[in-house]
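Enquirer:
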Amino acid sequence: MAQNFPQIDPSMLLEQMLLIRAYEEAIVAGSAAGAVPGTCTSVGQEAAAVGVVNALAAEDLILTNHRSAGHLLARGADPGRLLAEVMGREGGYCGGRSGSLHIAVKELGVVLTSTIVGGELAMAPGVALSRSMLGLPGIVVCFFGDGAACEGRFHESLNLAALWNLPVLYVCENNHWQAFVHRREAMSREHVSDWAASYGIPAQTIDGNDVLAVLAAAQTATEQVRTSGRPYLLEVLTYRTRGHFEPDDQAYVDREELAAWLARDPIKLLGDRLVADGSMTASGHARLADKVATRICAAHAFADASPYPNADTLTRDVYA
Amino acid sequence: MAQNFPQIDPSMLLEQMLLIRAYEEAIVAGSAAGAVPGTCTSVGQEAAAVGVVNALAAEDLILTNHRSAGHLLARGADPGRLLAEVMGREGGYCGGRSGSLHIAVKELGVVLTSTIVGGELAMAPGVALSRSMLGLPGIVVCFFGDGAACEGRFHESLNLAALWNLPVLYVCENNHWQAFVHRREAMSREHVSDWAASYGIPAQTIDGNDVLAVLAAAQTATEQVRTSGRPYLLEVLTYRTRGHFEPDDQAYVDREELAAWLARDPIKLLGDRLVADGSMTASGHARLADKVATRICAAHAFADASPYPNADTLTRDVYA
Amino acid sequence: MPILTLYDAVGAALTEEMRRDRTVMAFGEGIATKRHELVSEFGALRVRNTPLAEGIIAGTAVGAAATGLRPVIDLLFAPFLCYAMDELVNSAGKLRYMSGGQWSFPLVTLAMTGAGWGVGAQHNHNVEAWFVHSPGLKVVMPSTPADAKGLLKAAIRDDNPVLFFLDIGLLHEPGEVPDTEATIPLGTAAVRREGHDVTLVSYGKTVHNCLRAADELAAAGVSAEVVDLRSLKPLDMPTVLASVAKTGRLVVVHEANRLCGVGAEIAAVVAEEAFASLKAPIARLGGPDAPVAASYPLEQAFVPQAAAIAAAAERLCRRQYA
Amino acid sequence: MPILTLYDAVGAALTEEMRRDRTVMAFGEGIATKRHELVSEFGALRVRNTPLAEGIIAGTAVGAAATGLRPVIDLLFAPFLCYAMDELVNSAGKLRYMSGGQWSFPLVTLAMTGAGWGVGAQHNHNVEAWFVHSPGLKVVMPSTPADAKGLLKAAIRDDNPVLFFLDIGLLHEPGEVPDTEATIPLGTAAVRREGHDVTLVSYGKTVHNCLRAADELAAAGVSAEVVDLRSLKPLDMPTVLASVAKTGRLVVVHEANRLCGVGAEIAAVVAEEAFASLKAPIARLGGPDAPVAASYPLEQAFVPQAAAIAAAAERLCRRQYA
Ligand SMILES: Cc1ncc(C[n+]2csc(CCOP(=O)(O)OP(=O)(O)O)c2C)c(N)n1
Ligand SMILES: Cc1ncc(C[n+]2csc(CCOP(=O)(O)OP(=O)(O)O)c2C)c(N)n1
Ligand SMILES: [Mg+2]
Ligand SMILES: [Mg+2]
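Just so you know, the sequences run in chain order A, B, C and D. Count along the first sequence starting at 1, add 52, and that's the number in this note's numbering. Count along the second sequence starting at 1, add 52, and that's the number in this note's numbering. Count along the third sequence starting at 1, add 1, and that's the number in this note's numbering. Count along the fourth sequence starting at 1, add 1, and that's the number in this note's numbering.
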């Protein structure tokens with residue numbers, strides 16, 4: 053069935069991916085220098101975030117996890133407020149309380165974030181339930197990793213969403229790693245999408261390093277969730293090309309597997325394609341990179357200037 | 053592949069089912085009279101327990117749950133010590149500490165019992181792991197309900213058993229009820245065995261009210277676990293024909309569904325068959341019933357005579 | 002005033018609050034079956050049976066609470082909370098704070114607890130202190146049907162996650178319950194009996210044991226004041242401290258295991274803030290460091306009974322302490 | 002003596018115990034990657050990475066422990082214990098008792114806890130008191146590498162389930178560690194510094210804050226005794242009571258939330274059993290009723306620091322109490 057999805061300018065997708073990469077690299081550098089706390093970067097996985105988030109409508113809600121910078125930036129988060137949050141500053145989206153691991157941004161519809169692996173999966177049906185009980189528009193997108201699919205909550209979540217007809221798009225970023233454990237050591241099956249069928253939930257596994265493929269699949273998936281009011285699972289195959297949490301020497305990573313995925317870097321893939329098909333010049337590409345670098349510079353300046361929270365706010369916002 | 057399984061006398065299976073039924077009915081009566089605490093009876097599900105347990109070897113280990121009388125009696129537990137346990141007496145298998153819900157009998161290889169639904173599923177891989185690490189003989193059989201299959205632990209357990217090649221026979225007694233919730237309200241799929249495939253675990257769904265069918269399937273399944281060293285899932289379709297926990301008026305139960313299953317009562321099915329095919333006379337059947345009644349009478353006498361634990365043993369056996 | 006059991010008082014509170022506020026809904030393993038009158042009045046969407054999976058029940062409530070609903074979930078017996086700890090503790094209790102106050106989580110979790118059913122430690126384990134210890138949660142445990150109704154109404158209206166424990170031993174005890182809109186603010190203890198020699202502080206079923214002990218003590222010439230905490234967080238320490246300031250003697254009583262229980266907290270606060278008024282050591286009666294056996298006499302022996310409470314109080318009053 | 006970090010002292014204990022006893026095995030999310038030397042020595046069957054699923058890791062350990070193995074599991078950060086509560090509390094803690102003593106559960110659960118990494122409340126939440134409150138479990142939290150090694154060796158040999166907490170803030174601190182077979186019995190506190198005016202009781206990283214406070218106090222003419230609990234269950238109350246009998250003053254300090262923490266238990270026991278020797282109120286310093294923020298200054302502000310401890314102790318010593 054052909055759908056009419058809004059046209060999205062691929063160069064905008066490229067710019068978003070460049071921004072995410074530059075943001076993560078700034079954190080890596082800052083963290084190596086001891087100026088920024090370590091984080092779980094999304095380097096290598098930019099296409100998954102950008103492809104899915106650009107398929108969403110403004111009223112859609114997002115749940116995410118510890119590896120969320122891509123989701124947040126693709127959704128339009130300000131890199132300065134993100135960086136400030138990572139650095140524990142009052143100007144961060146959560147006033148520095150979250151740090152990098154549980155950033156939520158209500159104004160962008162990024163509703164709940166848990167760094168407890170599986171936490172996002174547990175909360176997602178409820179966010180969709182409030183949509184359906186209150187007659188509110190929008191579907192719910194829940195990002196999670198292949199590791200999260202090993203937690204029983206994954207299954208409980210799918211079962212309930214299927215049973216209660218909840219409009220949740222489950223997006224598994226299968227990046228081959230669960231911290232220091234390869235998915236082969238942790239999953240008795242190859243694909244997370246196989247499990248969806250056992251709940252009667254439609255699913256698709258796609259190449260997560262091709263942002264246009266991700267976008268197309270996500271547009272189909274969101275449309276299906278929107279019209280059916282029922283869950284869908286998209287498994288986005290990609291690779292965590294940096295370590296689990298900065299710094300990480302990746303000594304435990306198979307060099308060949310890593311090299312193969314690095315050769316399919318999502319930014320390079322799209323950049324090469326746009327230059328090859330003539331829709332972008334090399335200098336146009338460079339201009340995007342410059343623009344992004346300027347934004348990251350400004351972000352750093354903002355974050356650096358933002359003060360630490362005052363210790364007398366230690367118990368603010370515990371209770372409503 | 054034809055296997056040579058030990059011949060088992062069907063009249064012995066009938067006797068075991070009669071014993072279980074008589075035991076449960078004695079509890080129901082005692083509990084209506086206020087002399088025995090309420091329990092989760094296995095009435096209607098006798099064939100599942102008897103069929104599976106008779107397929108086991110002496111060295112096999114069993115994990116079970118709150119609805120365990122059938123498993124225990126089929127394994128040879130003494131009804132007197134069981135009843136004493138239910139009544140909280142010192143002569144019970146657990147000195148009255150368990151009551152009906154978590155009876156374990158080490159001497160019979162009934163190793164761990166949890167009334168936390170899912171608890172048995174969580175512990176089963178570990179029992180199999182100790183077999184394989186210590187080179188001990190025997191496979192591990194884990195009984196659980198359709199409700200337990202809704203807990204995420206079910207999935208975590210299957211995933212680990214598949215991944216680590218653990219010799220566990222998972223036996224789901226799908227009795228259509230999860231306390232006061234029908235499985236239709238709780239499961240997005242019809243069969244628990246569907247999930248096994250998503251872990252690469254072989255599985256079969258069988259008629260759980262035909263004890264000979266259960267026995268045959270369980271013999272094949274145990275043989276496969278024993279030779280492959282890998283898990284297998286047997287789903288035994290049956291029905292909880294009494295309430296969840298005595299007393300229970302079953303007002304919430306669909307009369308037609310119940311009647312249909314009552315018409316296929318496992319004891320009646322086998323009894324009729326044995327009489328019809330001439331392998332048992334009506335009076336032979338009656339003699340079995342008498343024998344069983346005598347045992348239950350003796351059991352009651354034993355349990356009644358067993359003292360309550362002394363309050364000064366309140367903190368005995370907390371720590372090793 | 003109508004006479005209701007505690008179980009029915011909970012039903013009355015649910016009914017009134019669901020009438021008042023269409024965002025209140027209830028779900029759990031069998032709640033639509035066991036409280037079918039709620040389904041009849043509010044429909045099958047607002048009152049739902051769930052799959053047998055406490056974690057996703059709680060997680061769903063947390064997600065729904067953050068985004069516009071006021072769920073009440075029934076997790077049946079307190080030990081089953083073990084399957085929902087992440088959702089209650091790490092999500093509901095922390096995500097408001099960690100998000101810099103972006104969300105609130107108005108949800109109520111019901112759980113039955115304590116002795117009275119003779120089914121052993123996997124159904125009978127008083128874990129309320131876990132949630133007092135954990136930040137961002139409120140904890141309530143009523144001792145009468147009227148309190149159950151008034152506190153549950155307040156809990157449903159509260160914008161924070163509330164753990165609401167129902168004492169199994171009290172569930173079918175009848176009591177007068179107002180049929181009015183009366184709510185009881187969380188964090189207010191009740192002085193159940195006034196006295197001037199010794200303060201007995203408790204909650205749940207052991208409040209009644211304290212009242213019986215106070216009768217025995219009165220017969221022995223000792224005047225005991227009985228404080229029913231009702232809320233365990235917020236904890237109404239001003240009421241406790243005022244009572245101890247008057248009596249100079251304190252006995253804390255609960256069924257939960259003594260070690261690190263709510264009684265420890267109360268004793269510690271009193272030892273810090275009312276030291277000067279203490280005339281005697283603080284006595285603390287609680288469950289031993291043991292699971293609860295199913296066997297009836299052991300189940301009963303686990304719970305501090307009136308005679309032991311009276312004996313402890315009398316000891317404090319009779320002996321001279323340097 | 003060799004100098005090791007606490008992290009490496011844990012590795013040394015694991016190595017020695019796995020050499021001693023072939024039934025000891027270790028598994029967890031990444032333990033085979035991060036402690037690869039154990040895989041090299043003992044093979045991939047005895048040291049295993051697991052799926053990301055704390056519940057089944059713990060459940061598998063419980064099942065294995067009951068039937069002949071001595072598993073050590075690494076559940077990473079303390080808040081992740083929330084996913085394993087049923088297996089630890091309802092199974093490991095209760096099934097020995099409920100089966101009338103048929104089983105024992107020799108298993109050790111490792112978890113990191115406390116401030117020091119700046120990653121917020123879903124990684125930093127001190128929940129050790131939950132397990133002290135729950136029956137059938139032992140709880141340990143060392144403050145030095147040597148203790149970590151000796152206590153872990155004892156924990157592995159113990160026939161009961163032991164929760165073994167590693168303070169993140171101490172993990173990479175070096176210290177002398179005996180390379181002998183020395184085990185430290187669970188349930189023995191250590192007097193880290195002798196003194197006669199006031200007793201400071203703590204465990205984990207705040208022991209070091211107490212020692213710093215004792216230095217400050219000494220400079221101000223106050224002699225403080227510092228007791229490091231090491232085991233939280235069994236709790237070595239005789240050592241605490243003996244110290245309070247001598248000093249007459251007690252400050253209890255920990256990082257965990259104050260409400261219903263281990264400090265409450267200690268204060269309550271002292272208020273009951275050492276009342277006559279108390280010359281001042283019992284002071285208790287602990288975390289506030291709040292999750293821990295990621296932001297460094299807030300993370301630090303959460304933890305009782307030496308200055309606050311010294312101030313509390315001095316107040317007890319200087320003021321006259323009726
Ligand atoms: C319940 C829980 N267990 C363990 C961790 C530690 N941890 C953080 S991220 C991570 C790996 C997660 O793997 P996956 O879900 O695949 O996400 P990825 O990091 O690959 O994006 C682990 C083990 C955690 N945060 N929560
Ligand atoms: C974790 C947990 N949740 C809820 C219960 C209460 N409960 C006891 S048995 C039961 C139904 C179990 O259904 P199923 O697994 O199908 O077993 P069945 O009773 O049908 O044999 C429930 C909900 C429990 N004991 N443990
Ligand atoms: Mg991953
Ligand atoms: Mg069932």
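Virtual Cβ for every residue (Gly too), placed ideally from N, Cα, C.
1) For the beta strand (DSSP E) holding A191 (chain C), just list the boundary residues, first then last.
2) Report the CB separation of E76 (chain B) from V95 (chain B) in whole angstroms; it is logged as a contact under 8 Å.
3) Does ligand 1 have a heavy atom nearer than 6 Å to the CB of H126 (chain D)?
4) Taking 7 Å as the limit, tell me which residues put their C-beta closer than that to any heavy atom of ligand 3, in chain order.
5) Roughly how many whole angstroms lie between the Cα atoms of L167 (chain D) and A14 (chain D)?
6) L111 (chain D): beta carbon under 6 Å from a heavy atom of ligand 1?
7) Helix or strand or just coil, what does DSSP make of N261 (chain A)?
8) Please tell me whether S358 (chain B) has its Cβ less than 7 Å away from any Cβ of chain A.
9) How is R47 (chain C) classed by DSSP in three states: helix, strand or coil?
10) How long is the line joining the alpha carbons of F354 (chain B) and R133 (chain B), rounded to whole angstroms?
11) Take A130 (chain D) and list the residues in its own chain whose beta-carbon comes closer than 7 Å to its own, dropping the five residues that flank it on each side.
12) Counting only Cβ pairs nearer than 8 Å, list the residues of chain A close to A291 (chain D).
13) With a CB to CB cut of under 8 Å and the five nearest residues on each side skipped, what residues in its chain are close to G56 (chain C)?
14) Identify the residues that DSSP records as bridge partners of V277 (chain B): which are they?
15) Under a three-way DSSP split, which group does F166 (chain D) fall into?
16) Any heavy atom of ligand 2 within a distance shorter than 6 Å of the CB on V63 (chain D)?
17) Consider the C-beta atom of L286 (chain B) and the heavy atoms of ligand 1; say whether any pair is separated by less than 6 Å.
18) Please report the distance separating the alpha-carbon of M53 (chain A) from that of A101 (chain A).
19) Helix, strand or coil, according to DSSP, for M53 (chain B) in the structure here?
20) Does A324 (chain D) get closer than 7 Å to chain A when you measure Cβ to Cβ?
21) Regarding H207 (chain B) and ligand 1, is the C-beta to nearest heavy atom distance less than 6 Å?
22) For a quick check, are the C-beta atoms of P52 (chain C) and C202 (chain B) less than 7 Å apart?
23) What whole-angstrom Cβ distance do P219 (chain B) and T61 (chain D) have, given they're in contact under 8 Å?
24) Compute the Euclidean distance between the alpha carbons of S250 (chain A) and V169 (chain B), then round it to the nearest angstrom.
25) Is any non-hydrogen atom of ligand 2 found closer than 6 Å to the C-beta of T93 (chain B), if you look at the structure I gave you?
26) Any beta carbon from chain D within less than 7 Å of A74 (chain A)'s own beta carbon?
27) Given this structure, state the Cα-to-Cα distance separating D229 (chain A) from G171 (chain A), to the nearest angstrom.
28) Beta carbon of I168 (chain A): closer than 6 Å to some heavy atom of ligand 6?
29) Residues of chain E with CB closer than 8 Å to the CB of I283 (chain D), please, in chain order.
30) Is any beta-carbon of chain C found at less than 7 Å from that of G260 (chain B)?
31) If you draw a straight line from the C-alpha of I348 (chain B) to the C-alpha of I157 (chain D), how long is it?
32) For a test of the three-state rule: what should DSSP assign to N258 (chain D), helix, strand or coil?
33) If the criterion is Cβ atoms closer than 7 Å, does the pair V138 (chain A) and S120 (chain A) meet it?
34) Residues bridged to V63 (chain D) by DSSP?
35) Under 6 Å: does the beta carbon of F28 (chain C) sit that close to some heavy atom of ligand 2?
Expert: Concretely, from the data shown:
1) For the purposes of this step, residue 191 (chain C) is taken as residue 190 along the third sequence, with counting starting at 1. For A191 (chain C), the enclosing beta strand (DSSP E) covers residues A191 to R194.
2) Taking the first residue of the second sequence as 1, we reach residue 76 (chain B) at position 24. Taking the first residue of the second sequence as 1, we reach residue 95 (chain B) at position 43. That belief holds up - the Cβ atoms of E76 (chain B) and V95 (chain B) are roughly 5 Å apart, short of 8 Å.
3) Along the fourth sequence, one-based indexing puts residue 126 (chain D) at 125. For H126 (chain D), the shortest separation between its Cβ and any heavy atom of ligand 1 does not lie below 6 Å.
4) A:G197, A:D198, A:G199, A:E225, A:N226, A:N227, A:H228, A:W229, A:Q230, A:R235 and A:R292
5) Residue 167 (chain D) sits at position 166 when you count from the first residue of the fourth sequence. Residue 14 (chain D) sits at position 13 when you count from the first residue of the fourth sequence. Straight-line Cα distance between these residues: approximately 14 Å.
6) If you number the fourth sequence from 1, residue 111 (chain D) lands on position 110. False, no ligand heavy atom lies under 6 Å from that Cβ.
7) Position 209 of the first sequence, counted from the start, is the residue given in the question as residue 261 (chain A). Correct three-state label for N261 (chain A): coil.
8) For the purposes of this step, residue 358 (chain B) is taken as residue 306 along the second sequence, with counting starting at 1. Chain A, which has no Cβ nearer than 7 Å to the Cβ of S358 (chain B), makes this no.
9) Start at 1 with the first residue of the third sequence, and residue 47 (chain C) comes out as number 46. R47 (chain C) falls in the coil class under three-state DSSP.
10) Within the second sequence, residue 354 (chain B) is the residue found at index 302, counting from 1. Within the second sequence, residue 133 (chain B) is the residue found at index 81, counting from 1. F354 (chain B) and R133 (chain B): Cα-Cα distance of roughly 8 Å.
11) Position 129 of the fourth sequence, counted from the start, is the residue given in the question as residue 130 (chain D). A257, C261, G262 and V263.
12) Translated into the one-based positions of the fourth sequence, residue 291 (chain D) becomes position 290. Per Cβ cutoff of 8 Å: L366, T367 and V370.
13) As a position in the third sequence, residue 56 (chain C) is number 55, starting the count at 1. So the qualifying residues of the chain are Y84, A85, D87 and E88.
14) Within the second sequence, the letter at position 225 stands for residue 277 (chain B). The secondary-structure analysis by DSSP pairs V277 (chain B) with nothing; it has no beta-bridge partner.
15) Residue numbering aside, residue 166 (chain D) sits at position 165 when the fourth sequence is read from its first letter. Here F166 (chain D) sits in strand by DSSP.
16) In the fourth sequence, residue 63 (chain D) corresponds to position 62, counting from 1. No, Cβ of V63 (chain D) sits at least 6 Å from all heavy atoms of ligand 2.
17) What you label residue 286 (chain B) is simply residue 234 of the second sequence in a count that begins at 1. L286 (chain B): no, Cβ never under 6 Å from ligand 1.
18) Counting from one through the first sequence, the residue named residue 53 (chain A) turns up at place 1. Counting from one through the first sequence, the residue named residue 101 (chain A) turns up at place 49. Here the model assigns M53 (chain A) a pLDDT of 44, short of 50, so the residue's position is not dependable, and the following value carries that caveat. When only Cα atoms are considered, M53 (chain A) and A101 (chain A) end up about 25 Å apart.
19) Taking the first residue of the second sequence as position 1, residue 53 (chain B) is located at position 1. Below a pLDDT of 50, predicted positions are generally treated as unreliable, and M53 (chain B), at 44, falls in that range; the measurement from the model is reported next regardless. In the three-state reduction of the DSSP assignment, M53 (chain B) falls in the coil class, being assigned neither a helical nor a strand state.
20) Missing from the structure shown is residue 324 (chain D); chain D here goes from 2 to 323 and no further.
21) Counting from 1 along the second sequence, the entry for residue 207 (chain B) is found at position 155. The answer is no for H207 (chain B).
22) Position 51 of the third sequence, counted from the start, is the residue given in the question as residue 52 (chain C). Position 150 of the second sequence, counted from the start, is the residue given in the question as residue 202 (chain B). Taking 7 Å as the Cβ cut-off, P52 (chain C) and C202 (chain B) qualify as a contacting pair.
23) Indexing the second sequence from 1 puts residue 219 (chain B) at position 167. Indexing the fourth sequence from 1 puts residue 61 (chain D) at position 60. Rounded to the nearest angstrom, the Cβ distance from P219 (chain B) to T61 (chain D) is 14 Å, too far for a contact under 8 Å.
24) The sequence position of residue 250 (chain A) within the first sequence is 198, counting from 1. The sequence position of residue 169 (chain B) within the second sequence is 117, counting from 1. Approximately 21 Å, taken between the alpha carbons.
25) Along the second sequence, one-based indexing puts residue 93 (chain B) at 41. No, Cβ of T93 (chain B) sits at least 6 Å from all heavy atoms of ligand 2.
26) Locating residue 74 (chain A) in the first sequence gives position 22, where the first residue counts as 1. The beta-carbon of A74 (chain A) is placed no less than 7 Å from the nearest beta-carbon of chain D.
27) Here the question's residue 229 (chain A) lines up with position 177 in the first sequence. Here the question's residue 171 (chain A) lines up with position 119 in the first sequence. Here the sequence assigns Trp to residue 229 (chain A), which means Asp is not the residue at that position. Straight-line Cα distance between these residues: approximately 18 Å.
28) No copy of ligand 6 occurs in the structure displayed; its ligands are ligand 1, ligand 2, ligand 3 and ligand 4 alone.
29) Considering every chain present, this structure includes no chain E. Its protein chains are A, B, C and D.
30) On the second sequence, residue 260 (chain B) is found 208 positions in, with the first residue counted as 1. By this cut-off, G260 (chain B) is not an interface position.
31) Residue mapping note: residue 348 (chain B) aligns to position 296 of the second sequence, counting from 1. Residue mapping note: residue 157 (chain D) aligns to position 156 of the fourth sequence, counting from 1. A direct Cα-Cα distance of roughly 45 Å separates I348 (chain B) from I157 (chain D).
32) The residue you call residue 258 (chain D) lines up with position 257 of the fourth sequence. N258 (chain D) falls in the strand class under three-state DSSP.
33) Against the first sequence, residue 138 (chain A) aligns to sequence position 86. Against the first sequence, residue 120 (chain A) aligns to sequence position 68. Against a cut-off of 7 Å, the Cβ pair of S120 (chain A) and V138 (chain A) comes out as no contact.
34) Residue numbering aside, residue 63 (chain D) sits at position 62 when the fourth sequence is read from its first letter. Beta-bridge pairing links V63 (chain D) to no other residue.
35) Here residue 28 (chain C) refers to the residue found at position 27 when the third sequence is read from its first residue. No; taking the cut-off as 6 Å, the Cβ of F28 (chain C) has no heavy atom of ligand 2 nearer than that.
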